[in-house]
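According to our numbering, the sequence shown is numbered sequentially starting from 232. Quick reminder that beta carbons are idealized off the backbone N, C-alpha and C, glycines included. These numbers come from a predicted model, not from an experiment. Just below is one structure, and these are the notes that go with it.
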Amino acid sequence: MLATTYPLLDFFWTLLEIFLLILWIWLAISVFFDIFRSHDMGGVAKALWVLFIVIFPFLGILVYLIARGGKMHERADAAAARQQRAFNSYVQQAAGTSSAADQLTKLADLREKGVLTPEEFEAQKAKVLA
Numbered sequence: 232m233l234a235t236t237y238p239l240l241d242f243f244w245t246l247l248e249i250f251l252l253i254l255w256i257w258l259a260i261s262v263f264f265d266i267f268r269s270h271d272m273g274g275v276a277k278a279l280w281v282l283f284i285v286i287f288p289f290l291g292i293l294v295y296l297i298a299r300g301g302k303m304h305e306r307a308d309a310a311a312a313r314q315q316r317a318f319n320s321y322v323q324q325a326a327g328t329s330s331a332a333d334q335l336t337k338l339a340d341l342r343e344k345g346v347l348t349p350e351e352f353e354a355q356k357a358k359v360l361a
């Protein structure tokens, strides 16, 4: 009964419309991310682009892609590189990579506080210097 009231071609047309709507929403989100990621635009220019896209959605996105779309991937790559550098520095800081001199200073402090015996200090010192 459903097949007679809603033909197969209409079903495929509806699927195409849904796909295009999702594609347009994804594109709009990408454009908004790019607007706010751009360091070469000031606040007023960003506000004008957002206003233009909100008032004229399809036209605004198409004009943005024509005017500034060529460098969208470069701004995305630069943002990803900044995030990767920040992550790497955080991991190095959290891992506690320190120099041999820092480790020897910590060992000397532990020996002075009585946590390490002189024999334990010498064994740990030999490990650090090795």
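> In chain order, what residues of the same chain lie with their CB nearer than 7 Å to the CB of Q334, ignoring the 5 residues before and after it?
Replying inline: As a first step, residue 334 is located in the sequence shown; it is residue number 103 there, counting from the start. The answer, listed in chain order, is V359.
> According to DSSP, is P349 helix, strand or coil?
Replying inline: Position 118 of the sequence shown, counting from 1, holds the residue named residue 349. If DSSP states are grouped into helix, strand and coil, P349 belongs with the helices.
> Can you find a C-beta in chain D that's less than 8 Å from the C-beta of F318?
Replying inline: Annotation note: the requested chain D is absent from the structure, which comprises a single protein chain.
> Around the Cβ of W257, are there at least 16 other Cβ atoms within 10 angstroms (buried) or fewer (exposed)?
Replying inline: Locating residue 257 in the sequence shown gives position 26, counting from the first residue. So W257 counts as exposed.
>> Below 8 Å on the Cβ atoms is my contact criterion, and I expect I297 with V262 to pass it. Report the Cβ-Cβ distance as a whole number of Å.
In response: Translated into positions along the sequence shown, residue 297 becomes position 66. Translated into positions along the sequence shown, residue 262 becomes position 31. That pair is no contact at about 12 Å.
>> Relative to the C-alpha of G305, which candidate in S269, F242 and A276 has its C-alpha closest?
In response: The count along the sequence shown starts at 1 and reaches residue 305 at position 74. Residue identity check: residue 305 is Glu in the sequence provided, not Gly. Of the candidates S269, F242 and A276, the one whose C-alpha sits nearest the C-alpha of E305 is S269.
> Going by beta carbon distance, what residues of the same chain come within less than 8 Å of D352, once the five residues before and after it are set aside?
Replying inline: Walking along the sequence shown from the start, residue 352 turns up at place 121. The question names Asp, but residue 352 is Phe in the sequence shown. Counting only Cβ-Cβ distances below 8 Å, and skipping sequence neighbours, we find L338, A339, L341 and R342.
>> Please give me, in chain order, every unbroken run of the alpha helix (DSSP H) with length at least 4 that falls completely inside the segment 258-306.
In response: 274-286 and 288-299
> Which whole-angstrom value describes the C-beta separation of I266 and K277, a residue pair presumed to lie in contact below a C-beta threshold of 8 Å?
Replying inline: Indexing the sequence shown from 1 puts residue 266 at position 35. Indexing the sequence shown from 1 puts residue 277 at position 46. The Cβ separation is near 5 Å, so the contact holds.
>> Can you tell me whether W280 is buried or exposed? The criterion is at least 16 other CB atoms within 10 Å of its CB, across all chains shown.
In response: What you label residue 280 is simply residue 49 of the sequence shown in a count that begins at 1. Looking at its Cβ environment, which holds 16 or more other Cβ atoms inside 10 Å, W280 is buried.
> Just how far apart, CA to CA, sit I253 and L247?
Replying inline: As a first step, residue 253 is located in the sequence shown; it is residue number 22 there, counting from the start. As a first step, residue 247 is located in the sequence shown; it is residue number 16 there, counting from the start. Taking the straight line from one Cα to the other gives about 10 Å.
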